[in-house]
Each structure stands twice: as C-alpha cells, then as structure tokens.
Amino acid sequence: MDNNIFGYDHNNTWVHQLTGTSKLLFFILVSIIAMISYDVRFITLVLILSLIILYQSQIKWSQVRLIVKLILIFACLNLITVYIFSPGHGAYLYGTQHIILHLGYFTLTKEQLFYELNLALKYLVTVPISLVFLITTNPSEFSSSLNHIGVSYRLSYAVSLALRYIPDVQRDYQEISMAQQARGYELSKKGKFMTRIKGVSQILIPLILSSLDKIQVISQAMELRRFGKNKKRTWYMARKFSRNDYLTIVLAILIVLLGVWFMKIDGGRFFNPFK
Amino acid sequence: MKNKAMIEFKNVTFKYNSQSEPTLKHVSLTIDQGEKVLIVGPSGSGKSTLGNLINGIIPENIKGEIQGTILVNGHDVKDMSIFDQSLNVSSMLQDSNDQFVGLTVAEDIAFGMENDCTDNVTMRKKVKAWSDYLHIHQLLKQSPNSLSGGQKQRTSLAGVLVDESPILLLDEPLAALDPAAGLRSIQLLDDIHKHLRNTVIIIEHRIEEVLTQDVDRVVLMDDGKIVGSFTPDNLLKRDILKNYGLRNPLYLDALKLAGVDFNSLSNIDSVNLVNGNHVNDKLHQLNLNQATKRLNQSTDPILKINDLSFAYNHHPIFKHLNLTIYKGDMISLVGKNGVGKSTLSKLIAGFIKPNHGKIIFNHRNLSNLSIKERADHIGYIMQDPDKMISQVMIRDEIALGLKLRHYPKSQIDAKVKQALKVCKLYEFRNWPVSALSYGQKKRLTIASILVLNPELLILDEPTAGQDYYHYNEIMQFLRKLNQERHLTMIFITHDMYLMTEYSNRTIVLGNQNIMKDAAPEKVLNDDQLLLASHLRKTSLSILAKRFHIDPIKLTNTLITKERENDNGQ
Chain A
1 MDNNIFGYDH
11 NNTWVHQLTG
21 TSKLLFFILV
31 SIIAMISYDV
41 RFITLVLILS
51 LIILYQSQIK
61 WSQVRLIVKL
71 ILIFACLNLI
81 TVYIFSPGHG
91 AYLYGTQHII
101 LHLGYFTLTK
111 EQLFYELNLA
121 LKYLVTVPIS
131 LVFLITTNPS
141 EFSSSLNHIG
151 VSYRLSYAVS
161 LALRYIPDVQ
171 RDYQEISMAQ
181 QARGYELSKK
191 GKFMTRIKGV
201 SQILIPLILS
211 SLDKIQVISQ
221 AMELRRFGKN
231 KKRTWYMARK
241 FSRNDYLTIV
251 LAILIVLLGV
261 WFMKIDGGRF
271 FNPFK
Chain B
1 MKNKAMIEFK
11 NVTFKYNSQS
21 EPTLKHVSLT
31 IDQGEKVLIV
41 GPSGSGKSTL
51 GNLINGIIPE
61 NIKGEIQGTI
71 LVNGHDVKDM
81 SIFDQSLNVS
91 SMLQDSNDQF
101 VGLTVAEDIA
111 FGMENDCTDN
121 VTMRKKVKAW
131 SDYLHIHQLL
141 KQSPNSLSGG
151 QKQRTSLAGV
161 LVDESPILLL
171 DEPLAALDPA
181 AGLRSIQLLD
191 DIHKHLRNTV
201 IIIEHRIEEV
211 LTQDVDRVVL
221 MDDGKIVGSF
231 TPDNLLKRDI
241 LKNYGLRNPL
251 YLDALKLAGV
261 DFNSLSNIDS
271 VNLVNGNHVN
281 DKLHQLNLNQ
291 ATKRLNQSTD
301 PILKINDLSF
311 AYNHHPIFKH
321 LNLTIYKGDM
331 ISLVGKNGVG
341 KSTLSKLIAG
351 FIKPNHGKII
361 FNHRNLSNLS
371 IKERADHIGY
381 IMQDPDKMIS
391 QVMIRDEIAL
401 GLKLRHYPKS
411 QIDAKVKQAL
421 KVCKLYEFRN
431 WPVSALSYGQ
441 KKRLTIASIL
451 VLNPELLILD
461 EPTAGQDYYH
471 YNEIMQFLRK
481 LNQERHLTMI
491 FITHDMYLMT
501 EYSNRTIVLG
511 NQNIMKDAAP
521 EKVLNDDQLL
531 LASHLRKTSL
541 SILAKRFHID
551 PIKLTNTLIT
561 KERENDNGQ
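Note that the protein sequences, when read in sequence, are chains A and B. Just so you know, we're using my numbering here: the first sequence kicks off at 1 and counts up by one. Just so you know, we're using my numbering here: the second sequence kicks off at 1 and counts up by one.
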C-alpha cells in the first residue's frame, strides 16, 4: 500500500514497460484532442482504442471499480444538469430542431440528445487512458516524466515528495486527532455535528506546525545532498526510450492529426449529421 | 607524523539572528584527518550548532552572525556554498525518517548523485556497491514506511557515503534506535571509519553506547564553550560528566559506589576490560541490598485485558493477550521496534479498537466508550509534545479538557492552578506555549492531562532525546506523581536503566503476545529474552557477571543509593 495512493500495480505488460514520459505524453495529447473534438466518429474511434489499451494492460475490474462508478455517477449528474440548464443548446449548435417530445422549456430534441451523447463519450474516453497511465506508471517515474516533458525539476520533485510524505502526514493527522479527542473533542458519532467540526479544526494547528517543522528539516536534508545546485538533474528511475515508446508518441501524434483532419472535413469542432 | 587538519575553528563566536545571546562563544577546535571524534554536551550546549556550522546548514539555511574563521578541508566556509561543503562533509541529520526523500531505498541512495547529474549506469553501480556494503541490497525497492529505524539509518548513511567525502558528520545517530539497533549502528560506524579512513564526527549524548567502540577524542561542550578535548580514558577518569548534566557509564557509577579510585583503573572506557588492583575486593566489600523497596504492594486491579486480539491490515499484532495491571504500578513496556508497544497503548486508550477481547478498567468494560470518555480515566502522553498542544497560551492549553467537559469557571481556575503548581509551570502560567523548552512542553502536556484526574497514565518514551539532567527531571517528577497521587503509570521505553530505576514491573512484548512479565532486574538478566526482544544488557550487569556478583543486587544497590541522593537534593 505504501506510496500507492494512485493505485500503481506492479505488472509486466508492454504498457507497463513503456516509460512514464511516453505514457504521460500520450495521455496529455489524446485527452486534449478528445476534449476539443465533438466528432462522434472520431471520439468513438479513440474510445475503442483506449479500451483496447486498457484491456492489454491487464488491469482488473476490482482495481478500478470504485473510481469508474464514481466517474459514471458524476458524468450522469453532469448530463442531467446540462439538460436542465440548457435543453435547447443542441438545437442552437446544430442549427436544426428535430423535436421528439413537446415539453415546453424541456422540449426534447434529437440535436440535444446527440450533443449530450457527444459529451458522454468525451467523459468516457479520458477514463481508460488516465486509468492506464496512473495504474501502469511507477510513482517513482512520475517526477522524471514530468521533468522530461519540460516541467522544472524542482516542481517535478515536489510530486515525489508529496507521494513520499502523504503517508507520514496521514499518520500524524490520525495521532493528533486521537490526542485531541482524548482532550475532550468528541469526534465520534456520539458528538454533535458542530463539536465535531470544531474538533477537526483543532487538529489542523498542530498538524500544520509539525508539518512546517518537517519541511524545514527536509529542505535542509535536500540541500545537504545538493538539490538545487545545478540547472538540471538526472533521475535514477528514468529509463531509456525503447522502440515502443517512440511508437506510442507517434501514435499519439497520428491521433491528434486525425482529430484535426476530422475537424477540417466537419468545418469546425462539431460533426453535424442533421444537415 | 601529524595528520592534516580537516576542520579548524579559530575563535568562532556565533549568534542566531533569532536570539540575543551568542550560542557559540570563542570556540577553537581542530579535528585532524582520519580522527574519530565524539562531541558531547547537555541540551543547549551548542553541539548541534557546531555541527551545522561544519556542514553549512548555517549560514545557508539558518541565518546568523559568524565571527572568527572556520576551515573545512582547508577551505574557508565563507567562500563555500552548502553544495560545495556537502562534498567535503557527508552529514546525517538527527531524524533519519525526515531526511529520507526518495520513494524507495534505491532512489534515496541515488538522490545526491541525481543532483550532480550523474549518468544512470554509474548511479546504479554505486547504489549497488554501497547497498551491498551496508547490507541493504535486498531492500532497494522498498518504501521508507516499510523499513525499521536501523534500516532507514543505513539508507541515509549509504546516501551520504556515495559522495566519498572526507568527513562524515552524524547528529545523534542513536536517537531513534532501539538498544540493539543502536549498538549495531555504533559498530557499523566504527567499521566505516576503519574501512574508509575518513574523519568521523559523532554528536551524541548517549556516551556509554558510543564508547563501546574506539573513539580517538571526546570534545565536551557546555554553554556554547568547549570545556575540553579528552581521550575517553582521560575524560572518564576525571569523572566530570555529571557536572555537565551528562550520564556517566553505569559501570563506573557502580565502581565509584564501591570506592574504587578511577585513576588506578586500566581500560576504564570498556566495561569488558576495565580492571585495577582493588576492583574485585572493593566490589565484593560493597554492602549489597537484598531487595528494593519499590515493589507495588497493591493487589487491587485497575486494568484487566482479557483475551485481546488485534490485527492491522490482516497482519496480526496481538493474539489472545491477557494482562492485569494493579493500582500504583509503574510499568515499563519494552520490546523491539514495531512489536506493538504503541499499538497496545492505543488499544488501552481506545484510539483503536481490538478485533477480539475485552479491556476492563476498574470493573467497567471499556468497549463502548469513546476516546473522550476513556480519557476521563486514562491519560495518554504522546512522545512528541508538539502533536498534543493546540492552544497558544499555557493556561488555555491546560484548561482545554475541562472547558470541553463543561466544568464551571471557578472549578477550572482552581484545577488549572493546581496542575500548574504540580508540574512546576506556575510561574509561566501567562506565557505562550512557544516560549517553553522541550522538557517544559512535556510537563505541560502532562499537566493538561492531569487536570482531568486520570487514574492511569500512559507515556510514550517520556525521556527520548533528553540529556541526563532533563531525563532525571522528568522521571523524578513522574515518580513523585506515582508516590503522592498513587497514579498508575505505563511507560514505553528503550532505556534499560530507566526501566530498572523507575519501574516495578516490566512487560516485554513479542511474538504477538507478552513474552515476559516480571521485575525489571529479572528481565535484564535473561540473556535469551534480551536477544529476542532487541534489548541490551546494562553495563552494570556485565560488570557484575565479570566479578561474580549478583547483578540484580548490584543494580538495586546502585538505584537505592541514587534515590537517596535524589531525595537529599
């Protein structure tokens, strides 16, 4: 469980063997183009591809069940809210109005349904790619990947440090919380809601103070080992690019180009079947 | 042939920007290449400041005003950045957990090399070499949270030794280790020193443990000045450590009690070799006490644990544990790191719930009580006072528990006043918490629990990191509470002498249960038990065995004598 808040699972598929950098690039590029495009054909294609990758990386349903359910719930809520706030947005976008049901303000149109289908697909398409990235990338590789795509190493290392110290802070939080409860803040179910809120806020002061002390010591320890001396640094966990890494990046670029090409023939971000 | 000087302090005075008085005053000190030096001194004597001046944390990270000259490896530190200096001085900070910056052991070892832009092939080679040397090669992929204190320290050591710098500086390397791990750590440092022939500087107040291996010189500091620089032999013969709030090796206390003249001793720095003309006779002439007067006579149980089982993440910690604690007991809870000492305390305090079994306090089952409700009877004092204190003012901190229990104001004032007096904090009552020293903060946390009038107090390592003076202060205070208020206490400790001197019962945890529940002296003389539970014999029992005296009696005699002295003070 250590350092494993992102759920990294050690395995040895070709997806795992890719460097963090190429996976991160693929994730960013494909997500961006899938977010921009509203072409249902293109997004479906990308969705199928990312599902294949998800299948190939041998991620088990039990590992992602919770997060997928959460995402689905939020996506549904979002789609419903979109409908409530602007049921006529689809008609406005596509310039036509094929009415299915007359309901006054909530009049349902084919355009609206199609628009929301696009939205739903866009939500769904990023889920497999981000899951694959998080679950198949060793946390130790995150920082070096970020650094390799151009983020400064000080910032990148902050990711590593956060991963390293989150379990420590969690433990401190629990200990302080218990000490405060022992003093008399009733945080258990026996306490009133407001007392519990007040009690939790009392934990923060010692937690922040002890974290600040810790930060001071860590920064000293890092400087004593020359962190910040050079403009660059190397990464122990960084790996050489293999053929598959280059192919991954090429694939990502091809997907982007394909998305752009679809936009060109659509004459914009939207594919309009109603014309 | 005289070796080259590695570190030279020439009349150095240093004042922190945050303080009005200098912390170091006119310090002059030379440490030669290849020397192994131990720097000792009470808390606040300036020894850590001295270390931070050597490794460059001062003035780079902590600001202050330096007068005089400091040369490290021939270079004036004024002209060097902390980075330059780190190539001359490998330093290991006090808490190896907090200097562990990598996600895994291998990354942590490589951290310095990464910052030097070393290529991956060289890094992997060096990581392998040093992890092999320090016997941590099987741990390379593990995260810091899964390591023991000793393993973390070895990782930190590997991480600075890769620099192959000429000086190795260690600030309190023993602080977080259990007795057995501490002993191995000192042996390892000795091995490194002999192997690399580097200059080793150890800042530590646990003198007896450091001196179990060869040390060239001991530098004694007090009040920002260097009292003197001695060979271990010379320092111990002078018998001056106690004057500076430091603890003498125990076996020397016993020899002194027997009236042995230290100057007549040979090998005074080793309990295994120390000898002299009259040692044997004098030790045997000692009027040995039969039994101590500190046995708890009470047969009235205050806490009963019945068939307790607890597992953490499916990993069993306790299975079918039974324990009865009597009113007025002073119990030391010992065992190797990670065996469940804190877990047992937290189970009693209700911080965590057992999977099975009952905890009965004064004939009342605690199972359904919340942490708050249990706290009315059982007080838990954490090791780090900063984690317990949440108020700004001392008075408010002590009053907090009473306020939350809706006591009327007049009662709160009276109780706070009383607690302030008992804990000798009355003169500070209107001060902010931040103005207190570590020892005073500890007393503050005890005071804020005492106002709730608990009948049982659990203390997690009450004296960790304290010098002898503060150790005595805290422990005598606790004993007074025990005697005068009949407060039952459990303390978690690694300190074998604390265990013998202050507790009437020792509970050794191990093998998911209680390995031994006996008088402390009995535990200390059970060699197999000590080995299994990572404890260590005191030098007192080693001395006793060498000269064929009953170690239990000798220990008791010394304790009785020290207690008489304490009471006389």
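By construction, the Cβ of each residue, glycine as well, lies at the ideal position given by its N, Cα and C atoms. Just so we're clear, the structure is a prediction, and the values are computed from it rather than from any experiment.
Check residue i in the structure and name its three-state DSSP category.
i, result
"Pro301/B", "strand"
"Asp232/B", "At residue 232/B the sequence reads Pro, which differs from the Asp that was named. It is helical."
"Ala175/B", "coil"
"Gln67/B", "strand"
"Ile202/B", "strand"
"Gly149/B", "helix"
"Thr463/B", "coil"
"Glu8/B", "strand"
"Phe477/B", "helix"
"Phe270/A", "strand"
"Phe100/B", "coil"
"Ser188/A", "coil"
"His548/B", "coil"
"Ala518/B", "strand"
"Met237/A", "coil"
Contact criterion: CB-CB distance below 8 Å. Does residue i meet it with respect to chain A?
i, result
"Phe262/B", "no"
"Ala158/B", "no"
"Pro119/B", "The displayed chain sequence assigns Asp, not Pro, to residue 119/B. Yes, because at least one Cβ of chain A sits closer than 8 Å to the Cβ of Asp119/B."
"Lys4/B", "no"
"Ile389/B", "yes"
"Gly112/B", "yes"
"Val523/B", "no"
"Asn145/B", "yes"
"Ala106/B", "yes"
Less than 8 Å between CB atoms is the rule here; does residue i satisfy it with respect to chain B?
i, result
"Phe241/A", "no"
"Ala162/A", "no"
"Gln220/A", "yes"
"Leu209/A", "yes"
"Phe227/A", "yes"
"Thr21/A", "no"
"Thr234/A", "yes"
"Asn230/A", "yes"
"Lys192/A", "no"
"Tyr185/A", "yes"
"Val217/A", "yes"
"Ser156/A", "no"
"Lys60/A", "no"
"Gln180/A", "yes"
Given residue i, which residues of its chain have a CB within under 8 Å of its CB, disregarding the five upstream and five downstream residues?
i, result
"Met393/B", "Asn430, Trp431, Pro432, Val433"
"Ile317/B", "Phe310, Ala311, Gly340, Thr343, Gln512"
"Asn365/B", "Lys358, Ile359"
Please list, in chain order, all residues of the same chain as residue i whose beta carbon is under 7 Å from its beta carbon, the five residues on each side excluded.
i, result
"Leu93/B", "Gln99, Asp171"
"Val523/B", "Thr506, Val508, Lys516, Leu529"
"Gly228/B", "Leu220"
"Lys327/B", "Ser298, Asp300, Ile302, His486, Thr488"
By Cβ distance, which residues of its chain are closer than 6 Å to residue i, with the 5 residues on each side in sequence left out?
i, result
"Glu208/B", "Pro249"
"Thr136/A", "Val15, His16, Ser57"
"Gly102/B", "Asp108, Phe111"
For residue i, which residues in chain D fall below 9 Å Cβ to Cβ?
i, result
"Arg405/B", "Here chain D cannot be found, since the structure's protein chains are A and B."
- For the segment 371 to 449 of chain B, list the alpha helix (DSSP H) runs that are entirely contained and at least 4 residues long, ordered along the chain. 371 to 375, 394 to 404, 409 to 422
- Task: Please confirm if the segment 455 to 467 of chain B is in contact with the segment 491 to 504 of chain B, defined as three or more CB-CB distances below 8 Å between the two stretches.
- Result: yes
- Task: For the segment 73 to 85 of chain B and the segment 242 to 262 of chain B, state whether three or more C-beta atom pairs, one from each stretch, are separated by less than 8 Å.
- Result: Output reads no: the segment 242 to 262 of chain B does not touch the segment 73 to 85 of chain B.
- Message: Suppose only complete runs of 3+ residues qualify. What are the beta strand (DSSP E) ranges in the segment 284 to 366 of chain B, listed by chain order?
- Response: 301 to 312, 315 to 326, 330 to 334, 356 to 361
- Message: With three or more C-beta pairs closer than 8 Å as the rule, is the segment 59 to 71 of chain A touching the segment 141 to 153 of chain A?
- Response: The segment 141 to 153 of chain A makes no contact with the segment 59 to 71 of chain A, as fewer than three CB pairs between them are under 8 Å.
- Item | Contained beta strand (DSSP E) runs [length at least 3] in the segment 107 to 154 of chain A, N- to C-terminal order | none
- Message: Does the contact criterion of 3 or more C-beta pairs under 8 Å hold for the segment 222 to 236 of chain A versus the segment 199 to 209 of chain A?
- Response: Contact annotation: the segment 222 to 236 of chain A does not touch the segment 199 to 209 of chain A, with fewer than three C-beta pairs closer than 8 Å.
- Task: Answer yes if the segment 132 to 140 of chain B comes into contact with the segment 255 to 262 of chain A, meaning at least three C-beta pairs across the two stretches below 8 Å, and no otherwise.
- Result: no
- Message: When you compare the segment 400 to 409 of chain B with the segment 466 to 486 of chain B, are there three or more beta-carbon pairs, one atom per stretch, that lie closer than 8 Å?
- Response: no
- Message: Measuring CB atoms only, is the segment 347 to 354 of chain B touching the segment 528 to 543 of chain B, in the sense that at least three cross pairs come out at less than 8 Å?
- Response: no
- Message: Below 8 Å, how does it come out for the segment 68 to 84 of chain A and the segment 1 to 11 of chain B: are there three or more Cβ pairs, yes or no?
- Response: no
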